[in-house]
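Asker: Got a structure for you, questions after.
Protein chains: 2
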Amino acid sequence: MCDWPIEEEGRTWYGLKNDKIVVFLTYAEIPVQKSLQFVKHVDAGAVVYFGGTTRETFEGREVVHLEYEAHIKMALKTLRNIATNITSSSHSKIHRIVICHRLGVVPKKEESVLVALSSTHREEGWRAAEGALEDIKKSAEIWKKEQYLQGHSWKGDKVK
Amino acid sequence: MCDWPIEEEGRTWYGLKNDKIVVFLTYAEIPVQKSLQFVKHVDAGAVVYFGGTTRETFEGREVVHLEYEAHIKMALKTLRNIATNITSSSHSKIHRIVICHRLGVVPKKEESVLVALSSTHREEGWRAAEGALEDIKKSAEIWKKEQYLQGHSWKGDKVK
Numbered sequence: 178m179c180d181w182p183i184e185e186e187g188r189t190w191y192g193l194k195n196d197k198i199v200v201f202l203t204y205a206e207i208p209v210q211k212s213l214q215f216v217k218h219v220d221a222g223a224v225v226y227f228g229g230t231t232r233e234t235f236e237g238r239e240v241v242h243l244e245y246e247a248h249i250k251m252a253l254k255t256l257r258n259i260a261t262n263i264t265s266s267s268h269s270k271i272h273r274i275v276i277c278h279r280l281g282v283v284p285k286k287e288e289s290v291l292v293a294l295s296s297t298h299r300e301e302g303w304r305a306a307e308g309a310l311e312d313i314k315k316s317a318e319i320w321k322k323e324q325y326l327q328g329h330s331w332k333g334d335k336v337k
Numbered sequence: 178m179c180d181w182p183i184e185e186e187g188r189t190w191y192g193l194k195n196d197k198i199v200v201f202l203t204y205a206e207i208p209v210q211k212s213l214q215f216v217k218h219v220d221a222g223a224v225v226y227f228g229g230t231t232r233e234t235f236e237g238r239e240v241v242h243l244e245y246e247a248h249i250k251m252a253l254k255t256l257r258n259i260a261t262n263i264t265s266s267s268h269s270k271i272h273r274i275v276i277c278h279r280l281g282v283v284p285k286k287e288e289s290v291l292v293a294l295s296s297t298h299r300e301e302g303w304r305a306a307e308g309a310l311e312d313i314k315k316s317a318e319i320w321k322k323e324q325y326l327q328g329h330s331w332k333g334d335k336v337k
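Keeping their order, the protein sequence lines are chains A and B. The opening residue of the first sequence carries number 178 in my numbering; numbering runs sequentially from there. The opening residue of the second sequence carries number 178 in my numbering; numbering runs sequentially from there.
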């Protein structure tokens, strides 16, 4: 178990890693299967997963690749707060959560962001996962560069 | 590619299997990773997954195991209709979908039901996945037996 402050492991930075929560940024491919295995819990009747994947086109223009940059320390703290709020509420029936954002170039069809969690019932799982994702888009200090065949544009990940 | 009518492959029955939709019932473990790989699409910015997993307790009673039975032909047709409706709507931006329900005994932490899909944007993905799951619970001809330490109860899967 490692905890804040961040610990560099190759090119993966953990904001939090304990028996309920894993939050990290990485330049490597996001480990979807491992994340789903982690969140499973004997008290959970539901596992909800969201993966944001790179599309071939954006507003009619062909995307060559997407690239993400972050203020690593600030972004990890933000993601950590989102995960902690979700699991620590006294009303929460969210048992385990993984939040991960990839940095650098993310090839087509691969995940740039992952939210995976388990909940006692399905309703609270849907709400928590969608809420976490919106919070990430809105708050995390992560920026996206869309490289087109001609030109590119930078934007906060908060923009869809 | 195999299509309706149902085709028996060992203990897996397909209601539909083409390049956009996979719907099946199985006595084997649900292939989560394979389902997620299948739904990924170059036009999709989102992958949404839901897995219904067996809990250790239900209403305070210890569950020894859950067991599912179906009217296989009817249930496949129902699941097929749910998947087809979601992908064939002219407004739909759902690119690929997998719906699967497991039959027989489902051990703790394993999936009894899976919905996985990809969508252009995240909002339509969340709505479609949750809608599909509710339709499955409400309509599919699948029944759940909860085996407790003492006694058991049967119920339609539509009951949470």
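Yeah, the Cβ is synthetic: ideal placement off N, Cα and C, and Gly gets one too.
Taking the runs of the beta strand (DSSP E) that are 3 residues or longer, which of them lie wholly in the region 229-271 of chain A?
Answerer: Within the region 229-271 of chain A, the complete beta strand (DSSP E) runs of at least 3 residues are 238-247.
Asker: Find out if the Cβ-Cβ distance for the pair residue 229/B, residue 223/A is shorter than 9 Å.
Answerer: Yes, the pair counts as a contact, with Cβ atoms nearer than the cut-off.
Asker: Assuming residue 279/B and residue 207/B form a contact by the criterion Cβ under 8 Å, report the distance between their Cβ atoms to the nearest whole angstrom.
Answerer: 6 Å
Asker: Is residue 202/B helix, strand or coil when you go by DSSP?
Answerer: strand
Asker: Could you spell out the range, first to last residue, of the alpha helix (DSSP H) harbouring residue 214/B?
Answerer: First-last of the alpha helix (DSSP H) with residue 214/B: 209-216.
Asker: Note down, in chain order, each residue of its chain lying with its Cβ closer than 6 Å to the Cβ of residue 286/A, except the 5 sequence neighbours on either side.
Answerer: Here the set comprises 230.
Asker: Given that a residue counts as buried once 16 or more other Cβ atoms are within 10 Å of its Cβ, and exposed if not, what is residue 330/A?
Answerer: exposed
Asker: Would you please verify whether the beta carbon of residue 210/B is less than 9 Å from any beta carbon of chain A?
Answerer: yes
Asker: In chain A, which residues lie less than 9 Å from residue 286/B when you measure between Cβ atoms?
Answerer: 217, 218, 219, 221
Asker: So which residues of chain B does residue 294/A contact, with C-beta pairs closer than 7 Å?
Answerer: None at all; the shortest Cβ gap to chain B is about 11 Å.
Asker: Who are the neighbours of residue 233/A on chain C, taking C-beta pairs under 8 Å?
Answerer: The structure shown contains no chain C; the protein chains it does contain are A and B.
Asker: Is residue 237/A close to chain B? Criterion is C-beta to C-beta, closer than 9 Å.
Answerer: It does not: the Cβ of residue 237/A has no partner Cβ on chain B nearer than 9 Å.
Asker: Could you check the C-alpha separation between residue 318/B and residue 302/A for me, to the nearest Å?
Answerer: 25 Å
Asker: Is DSSP giving residue 280/A helix, strand or coil here?
Answerer: coil
Asker: Examine the Cβ distances between the region 241-261 of chain A and the region 196-205 of chain A and report whether three or more of them are shorter than 8 Å.
Answerer: Yes: at least three Cβ pairs fall under 8 Å.
Asker: Tell whether a beta-carbon distance below 9 Å holds between residue 226/B and residue 290/B.
Answerer: no
Asker: In angstroms with no decimal places, state the Cα-to-Cα distance between residue 236/A and residue 245/B.
Answerer: Between residue 236/A and residue 245/B, the C-alpha separation is close to 45 Å.
Asker: If you drop the 5 nearest sequence neighbours on each side, which residues of the same chain put their C-beta closer than 6 Å to that of residue 316/A?
Answerer: 255
Asker: For residue 247/A and residue 239/A, what's the separation of their Cα atoms in angstroms?
Answerer: Computed Cα separation, rounded: 24 Å.
Asker: DSSP three-state label for residue 223/B, please.
Answerer: strand
Asker: Give me, in chain order, the residues of the same chain whose beta-carbon lies closer than 7 Å to that of residue 205/B; leave out the 5 immediate sequence neighbours on both sides.
Answerer: 188, 189
Asker: Does the beta carbon of residue 245/A come closer than 9 Å to any beta carbon on chain B?
Answerer: no
Asker: In this structure, how does DSSP classify residue 274/A when only helix, strand and coil are distinguished?
Answerer: Here residue 274/A carries a strand assignment [DSSP, helix/strand/coil].
Asker: Using the beta-carbon of each residue, which ones in chain B are nearer than 9 Å to residue 279/A?
Answerer: At a beta-carbon threshold of 9 Å, none of the residues of chain B lie near residue 279/A; the nearest stands roughly 14 Å away.
Asker: Measure the alpha-carbon distance for residue 262/A versus residue 251/B and round it to whole angstroms.
Answerer: 43 Å
Asker: With a threshold of 9 Å between beta carbons, is residue 320/B in contact with chain A?
Answerer: no
Asker: Is there a C-beta anywhere in chain B that falls below 9 Å from the one on residue 297/A?
Answerer: yes
Asker: For residue 192/B, report the span of its beta strand (DSSP E) as first-last.
Answerer: 189-194
Asker: In the DSSP assignment, find the alpha helix (DSSP H) that holds residue 291/A and state where it starts and stops.
Answerer: Run containing residue 291/A: none in the alpha helix (DSSP H); it sits in the beta strand (DSSP E), 288-296.
Asker: Straight-line CA distance for residue 195/A to residue 265/B?
Answerer: Between the C-alpha atoms of residue 195/A and residue 265/B there is a straight-line separation of about 43 Å.
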